[in-house]
Amino acid sequence: MIDPSWNKEGIKVTCQDPCNLVRKGLGDGVADDLRFVIKQVVGEENFVDMWPNKSNNYCCGGGGGYLQSGFVEKRRAFGRIKFDQIQATDADIVVTPCHNCRSQITDIGQVYGGKYQAVHLWSLIVKAMVRKSTATPL
Amino acid sequence: MSQPIVIGKRKSRFKELAQAAIPGGGNLDLCLTCSSCVNGCPASGISDMDPRKFLRMVLLGLDEEVLQTPWIWWCSMCQRCKRACPMGVDIGALVFMARQQWSRENTPKGIQKSCDLHLEFGNSTGIRREDWVSLCADLVEETRQQEEDWKDLPAPMDKKGAAYYLNQNAKEPTVEPEEMIPLWKILHEVGIDWTYSSEQWDAVNYCMFSGDDRDWEAVVRRQSEIVDDLGCKTLINTE
Ligand code: SF4
Ligand code: SF4
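Chains as they are written, first to last, in this note's numbering: chain E, 1 to 138; chain C, 139 to 377.
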């Protein structure tokens, strides 16, 4: 069972659509699924979408081996647009279903002075999960 | 009146190579030079190169320049340009082709190293088998002891016949092992019968980015063999 009431303070959440999962992979359907899950978990009113999004989303700059390639300055310059898009949502949390996105979005947040935190989707789901054994019967 | 660019006679192999390799020829000749790709590309403007310029250089047969520019490592192959392009030109695929032409020695060291470690150790950060196994065992044991609600939490390793085979980005056990626990909790709560394997358990494949198809295939093949050996029906790729 999922209960979004842990987010009483209305922490604002946005998400990054990983290029390999969405545009290059399963398409907008999986991006819609991602939003469905996040809204269930954090409360619908606390989700703010980034723009542009889904298949039209900008790459964060963590993919294609960038994080490993050693071109740190280029990677951060590439990620500047993504950083500005995140800031425009005013979100406290960015859900990054891909680990490369998570590393890159964390890094550009630190470098450019963002206040957000990048988290795995599963870390967020667990916050809202009520175990069958402990749930009070409805 | 401005004069045409004179490039003289050049032997160009790359364009033909690319057109043979990219599905549908990559539509390379269809470019209208409209610049939609440039405007939609996060790598435009971070150096004196952009997707349209790169494509024009390929079409002009400037093989030497095309195969030497480090820009191919500054493009993330995200394919946003392809999506923006009215003619569906696949510049990401072209960049991948150019990466394939680079020698192992010239490929950025970090990418090549992650790939080499994967081939040697079965994961891209070079974690030894016994360390991976004991890390998972210790983490799950700690959770069981510290969290009253999760005394029954499993983290199965090499469990024959499990329905789902789960892999894990090697960065997680390397830099933030405790981040794996929430995933185990979710799988357990929804009643998924899953397992890790003690070998070839990494979810990433940097050989995909270095441009060496044989290495890429070797990594995928080894993992799929392990999944088959364990008799798992479905692989969940966590990356
Ligand atoms: S968007 Fe397509 S047609 Fe336009 S310049 Fe780029 S490759 Fe050419
Ligand atoms: S694939 Fe490369 S050239 Fe195309 S939009 Fe992405 S970064 Fe730019």
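A virtual CB, placed ideally from N, CA and C, is assigned to each residue, including glycine.
Whether residue i touches residue j by CB criterion (7 Å)
i                  : j                  : result
Ala-181 of chain C : Cys-213 of chain C : yes
Gly-61 of chain E  : Arg-75 of chain E  : yes
Asn-305 of chain C : Asn-375 of chain C : yes
Val-357 of chain C : Cys-345 of chain C : yes
Gln-217 of chain C : Gly-226 of chain C : no
Gly-248 of chain C : Gln-68 of chain E  : yes
Met-50 of chain E  : Gln-87 of chain E  : no
Val-30 of chain E  : Lys-323 of chain C : no
Lys-39 of chain E  : Tyr-58 of chain E  : no
Thr-281 of chain C : Leu-273 of chain C : no
Gly-70 of chain E  : Pro-246 of chain C : yes
Glu-327 of chain C : Arg-80 of chain E  : no
Val-13 of chain E  : Ala-91 of chain E  : yes
Cys-179 of chain C : Cys-223 of chain C : no
Gly-43 of chain E  : Asn-20 of chain E  : no
Val-48 of chain E  : Thr-106 of chain E : no
Neighbour-count burial assignment, residue i, 16 or more Cβ in a 10 Å radius
i                  : result
Lys-153 of chain C : buried
Val-204 of chain C : buried
Leu-138 of chain E : Its pLDDT being 47, under 50, Leu-138 of chain E is placed unreliably by the model, and the measurement read from it follows with that caveat. Result: exposed.
Asp-188 of chain C : buried
Asn-177 of chain C : exposed
Gln-250 of chain C : buried
Gln-284 of chain C : exposed
Asp-33 of chain E  : exposed
Arg-23 of chain E  : buried
Gln-104 of chain E : buried
Thr-171 of chain C : exposed
Gly-164 of chain C : buried
Arg-359 of chain C : exposed
Ile-145 of chain C : exposed
Asn-244 of chain C : exposed
Ala-293 of chain C : buried
Ala-300 of chain C : buried
Leu-325 of chain C : buried
Asp-350 of chain C : buried
Arg-242 of chain C : exposed
Ile-364 of chain C : buried
CB-CB length for residue i against residue j, believed under 8 Å
i                  : j                  : result
Ala-118 of chain E : Val-41 of chain E  : So it is not a contact: roughly 16 Å between Cβ atoms.
Trp-270 of chain C : Ser-336 of chain C : 7 Å
Asp-254 of chain C : Ile-160 of chain C : Incorrect: roughly 27 Å between the Cβ atoms, too far for contact.
Ala-308 of chain C : Asp-340 of chain C : 5 Å
Leu-390 of chain C : Met-318 of chain C : Shown here, chain C extends from 139 to 377; a query on residue 390 of chain C therefore has no answer.
Arg-221 of chain C : Ser-55 of chain E  : 6 Å
Thr-263 of chain C : Thr-312 of chain C : 5 Å
Arg-267 of chain C : Asp-201 of chain C : Their Cβ separation, rounded to whole angstroms, is 44 Å, which puts Arg-267 of chain C and Asp-201 of chain C out of contact at 8 Å.
Identified DSSP bridge partners for residue i
i                  : result
Thr-333 of chain C : C:Tyr-303
Val-94 of chain E  : E:Thr-14 and E:Ala-118
Leu-373 of chain C : C:Tyr-303
Met-1 of chain E   : Answer is none; Met-1 of chain E lacks a bridge partner.
Asp-340 of chain C : C:Gln-306
Met-215 of chain C : None, per the DSSP bridge assignment.
Met-225 of chain C : Beta-bridge pairing links Met-225 of chain C to no other residue.
Lys-47 of chain E  : Sequence inspection shows Phe at residue 47 of chain E; the Lys mentioned does not correspond to that position. Paired residues: E:Val-13.
Met-295 of chain C : C:Tyr-334
Met-129 of chain E : E:Ile-2
Chain-ordered chain B contacts of residue i [CB-CB under 8 Å]
i                : result
Asn-7 of chain E : The chain inventory of the structure shown lacks chain B, comprising the protein chains E and C.
Selected residue, minimal CA-CA separation from residue i, among the options
i                  : options                                       : result
Ser-123 of chain E : E:Thr-96, E:Ile-105, E:Phe-36 and E:Gln-110   : E:Thr-96
Gln-238 of chain C : C:Leu-170, C:Leu-155 and C:Gly-264            : C:Leu-155
Arg-194 of chain C : C:Leu-166, C:Thr-207, C:Gly-183 and C:Gly-146 : C:Leu-166
Ile-2 of chain E   : E:Gly-109, E:Val-37 and E:Gly-63              : E:Val-37
Gly-109 of chain E : E:Cys-98, E:Val-94 and E:Glu-45               : E:Val-94
Met-295 of chain C : C:Tyr-334, C:Phe-192, C:Glu-310 and C:Gly-329 : C:Tyr-334
Glu-45 of chain E  : E:Asn-20, E:Ile-11 and E:Phe-78               : E:Ile-11
Asp-28 of chain E  : E:Phe-47, E:Asn-7 and E:Asn-53                : E:Asn-53
Tyr-302 of chain C : C:Arg-190, C:Gly-164 and C:Asp-366            : C:Asp-366
Ala-275 of chain C : C:Leu-325, C:Glu-316 and C:Asp-351            : C:Glu-316
Gly-63 of chain E  : E:Ala-91, E:Thr-89 and E:Arg-102              : E:Arg-102
His-99 of chain E  : C:Asp-201, C:Val-342, C:Leu-168 and C:Glu-327 : C:Val-342
Leu-197 of chain C : C:Asp-186, C:Thr-207 and C:Leu-168            : C:Leu-168
Pro-208 of chain C : C:Cys-223, C:Ile-364 and C:Trp-240            : C:Trp-240
Gly-162 of chain C : C:Gln-206, C:Leu-232 and C:Leu-200            : C:Leu-232
Ser-133 of chain E : C:Ile-265, C:Trp-288, C:Gln-157 and C:Ser-174 : C:Trp-288
Ser-252 of chain C : C:Leu-368, C:Arg-352, C:Gly-299 and C:Phe-347 : C:Phe-347
Gln-157 of chain C : C:Phe-259, C:Phe-234, C:Lys-191 and C:Lys-297 : C:Phe-234
Gln-338 of chain C : C:Ile-265, C:Leu-325 and C:Asp-350            : C:Ile-265
Trp-354 of chain C : C:Gly-199, C:Ser-173, C:Phe-192 and C:His-256 : C:His-256
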